[in-house]
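Worksheet: one structure, shown below.
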Amino acid sequence: MFKIYVTKNIPKEGLELLKDKCDIEVNNLGRSLSKQELLEKIKNKDACITQLTDKVDIDFFEAAKNLKIIANYAVGFDNIDLNEATKRKIFVTNTPDVLTQATAELAWALLFACARGIPQADKFTREGNYKGWDLYLFLGLDISHKTLGIIGAGRIGQAFAKMSKGFDMNILYTANSKKIDFEAQTNAKFVDLETLLKESDFVSIHTPLTPQTYHLIGKKELSLMKKTAILINTSRGAVIDEKALAESLENRQIYAAGLDVYEKEPIIEEKLKTLDNVVLLPHIGSATYKTRIDMSILAAQNILDFLEGKIPRTLVNKDILKT
Numbered sequence: 213m214f215k216i217y218v219t220k221n222i223p224k225e226g227l228e229l230l231k232d233k234c235d236i237e238v239n240n241l242g243r244s245l246s247k248q249e250l251l252e253k254i255k256n257k258d259a260c261i262t263q264l265t266d267k268v269d270i271d272f273f274e275a276a277k278n279l280k281i282i283a284n285y286a287v288g289f290d291n292i293d294l295n296e297a298t299k300r301k302i303f304v305t306n307t308p309d310v311l312t313q314a315t316a317e318l319a320w321a322l323l324f325a326c327a328r329g330i331p332q333a334d335k336f337t338r339e340g341n342y343k344g345w346d347l348y349l350f351l352g353l354d355i356s357h358k359t360l361g362i363i364g365a366g367r368i369g370q371a372f373a374k375m376s377k378g379f380d381m382n383i384l385y386t387a388n389s390k391k392i393d394f395e396a397q398t399n400a401k402f403v404d405l406e407t408l409l410k411e412s413d414f415v416s417i418h419t420p421l422t423p424q425t426y427h428l429i430g431k432k433e434l435s436l437m438k439k440t441a442i443l444i445n446t447s448r449g450a451v452i453d454e455k456a457l458a459e460s461l462e463n464r465q466i467y468a469a470g471l472d473v474y475e476k477e478p479i480i481e482e483k484l485k486t487l488d489n490v491v492l493l494p495h496i497g498s499a500t501y502k503t504r505i506d507m508s509i510l511a512a513q514n515i516l517d518f519l520e521g522k523i524p525r526t527l528v529n530k531d532i533l534k535t
């Protein structure tokens, strides 16, 4: 039977789709495998359902001589050496679309938390400091009628922007190309990054991590932002220079930041942990019950497509079809 290794236990709904056609082995240890453990497990496997924490590099491919397809249980795939996979004629898939709304909603949760000081107010109340209504207690920022800047207007970036409709916001965006339909739906304006940073009250990052977007937001870019601006990141941590961000927040060069992802996960820049104007989450952008189930099903469907001789529905390395 077609042998599959699942690097971390995923919702059973996806595995149920595969069990009659495949021999499935799942890591049920409740932790990520070490590199050596993973290399040992993928020997003689035909497919692997990976997590974004799994480094799929040349060592991985050398160990998995029989590998035919990788189903990455994530929308991002920067954990995978895509060129090496394509060279070896190994299909790589991801799980887009099904997590779009959940991630966009979490970005809004971070925006609200930063603008209104929700974590600080919660802590203040729990510690018994609330003595009654106070005119100046936890004053925050308004959201309605402000300018929202979107860096990366893909599926999640567009969904995030569309959710602003009820707040009557002015939308600016930057992307690899203009999005005509998106502009028609939201009246969004395509601008360069410098303009977006200078004019936006809220900046939300939704671009994938590539060599071009690594440290896209650094000391120079942060200096362009308003002192009342809030920066949100639910994409990939390394898009922001974390040291530069910590310095900017400490010096109150920007108002606040909300982060769900980090440059060297799970390690977080120590200075960020000491600041009260940053909200830190443990990479939970897609963490809803339905979304995680749907991701499991989509990962499995990609493998089933391959087994049935079809092009996997969310194939990432499409160049493989030319070889």
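Position one of the sequence shown corresponds to residue 213 (the numbering used here), numbered consecutively onward. Ideal placement from N, C-alpha and C gives every residue a C-beta, glycine not left out.
Rounded separation between Lys391 and Ile368 - CA only: The alpha-carbon atoms of Lys391 and Ile368 are separated by roughly 13 Å.
Any chain D beta carbon closer than 8 Å to Lys267: Here chain D cannot be found, since the structure has a single protein chain.
Those runs of the beta strand (DSSP E) which lie wholly inside the stretch 346-389 and span at least 3 residues: Counting only runs of 3 or more, we get 359-363 and 382-386.
Ser376 vs Pro420 beta-carbon contact at 8 Å: Note that the C-beta distance between Ser376 and Pro420 is not below 8 Å.
Beta-ladder partner(s) of Phe414, from DSSP: Answer is Leu360 and Ile442.
Euclidean distance between Cα positions of Asp271 and Ala400: Cα-Cα distance, rounded: 44 Å.
Distance, Ala469 Cα to Ser356 Cα: Looking at the two C-alpha atoms, the distance is approximately 18 Å.
Tyr217 - DSSP class collapsed to helix/strand/coil: Per DSSP, reduced to three states, the secondary structure at Tyr217 is strand.
DSSP three-state assignment for Phe289, whether helix, strand or coil: Correct three-state label for Phe289: coil.
Short Cβ contact (8 Å threshold) for Phe336 with Tyr342: Their beta carbons are under 8 Å apart, which means Phe336 touches Tyr342 by this criterion.
Beta bridge counterpart(s) of Glu475 as assigned by DSSP: For Glu475, which the question treats as bridged, DSSP gives no partner whatsoever.
Beta-carbon proximity check, Lys438 vs Asp404, cutoff 8 Å: It is not a contact, given that the beta carbons lie outside the stated cut-off.
Of the residues Thr219, Leu516, Gln424 and Ala321, the one placed nearest Asn388, counting alpha carbons only: Looking at the Cα atoms, Gln424 is the closest of the given residues.
Supposed contact pair Asp258 and Lys215 - C-beta distance, whole angstroms, cut 8 Å: Contact holds; Cβ gap of about 5 Å.
Selection from Tyr385, Glu339, Phe324 and Glu411 that minimises the alpha carbon distance to Phe379: Of all alpha-carbon atoms in Tyr385, Glu339, Phe324 and Glu411, the one lying nearest the alpha-carbon of Phe379 is that of Phe324.
Endpoints, alpha helix (DSSP H) assigned at Asn514: It spans Tyr501 to Leu519 - the alpha helix (DSSP H) in which Asn514 sits, taken as one unbroken run.
Contact under 8 Å by Cβ, His427 with Phe372: No, the pair does not count as a contact, with Cβ atoms beyond the cut-off.
Cβ neighbour criterion (16 or more within 10 Å) applied to Asn529: Around the beta carbon of Asn529, 16 or more other beta carbons sit within 10 angstroms, so the residue counts as buried.
Coarse secondary structure for Glu237, derived from DSSP in three states: Strand.
Integer Cβ distance of Ile254 from Leu279, believed to fall under 8 Å: That pair is a contact at about 7 Å.
Three-state class that DSSP yields for Thr425 in the structure shown: If DSSP states are grouped into helix, strand and coil, Thr425 belongs with coil.
Burial state of Arg525, where buried means 16 or more other Cβ atoms lie within 10 Å: Burial call: exposed.
Spatial distance of Leu516 from Leu230 (CA atoms): One C-alpha to the other measures close to 7 Å.
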